[in-house]
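Student: Next up is a structure, given as structure tokens.
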Amino acid sequence: MPAFTKSRAFKNWYAVEAIPIYVLVGGACCGASWYLYRLAMGPQVSWTKNNPHPYLSIDQNQGTKLYEINQKFDKRCRPFAECQL
1 MPAFTKSRAF KNWYAVEAIP IYVLVGGACC GASWYLYRLA MGPQVSWTKN NPHPYLSIDQ
61 NQGTKLYEIN QKFDKRCRPF AECQL
């Protein structure tokens, strides 16, 4: 059985054909890390007990989703008489 040498490992693991696999796996890991960070730091997450309801500080026109199709919302009128339906 041949000895496992550094040059043989270099040829097996750093082949030109394996570079796209390394790029895709590295990109997937970076994307997953970014998404987990985004989820952890979102406006609806509470890390401390000082603000038990963080979702109440979100503005009416503020988007919280990753991709929003309809970004503009109608402003609500306070009294019903001011709104003309």
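Counted from 1, the sequence shown has number 9 at position 9 by this note's numbering; the numbering is strictly sequential.
In this text, a Cβ means the ideal position worked out from N, Cα and C, and glycines have one as well.
1) Spatial neighbours of residue 57 within its chain, please: CB distance less than 8 angstroms, with the 5 preceding and 5 following residues excluded, ordered by chain position.
2) Could you compute how far the alpha carbon of residue 55 sits from the alpha carbon of residue 28?
3) With DSSP collapsed to three states, give me the class of residue 66.
4) Curious, which full-length beta strand (DSSP E) runs of at least 3 residues does the stretch 11-61 contain?
Tutor: Based on what the coordinates show:
1) The residue labelled residue 57 in the question sits at position 57 within the sequence shown. The answer, listed in chain order, is 43, 51.
2) In the sequence shown, the residue the question calls residue 55 occupies position 55. In the sequence shown, the residue the question calls residue 28 occupies position 28. One C-alpha to the other measures close to 30 angstroms.
3) Locating residue 66 in the sequence shown gives position 66, where the first residue counts as 1. Correct three-state label for residue 66: coil.
4) Fully enclosed beta strand (DSSP E) runs of no fewer than 3 residues are not present anywhere in the stretch 11-61.
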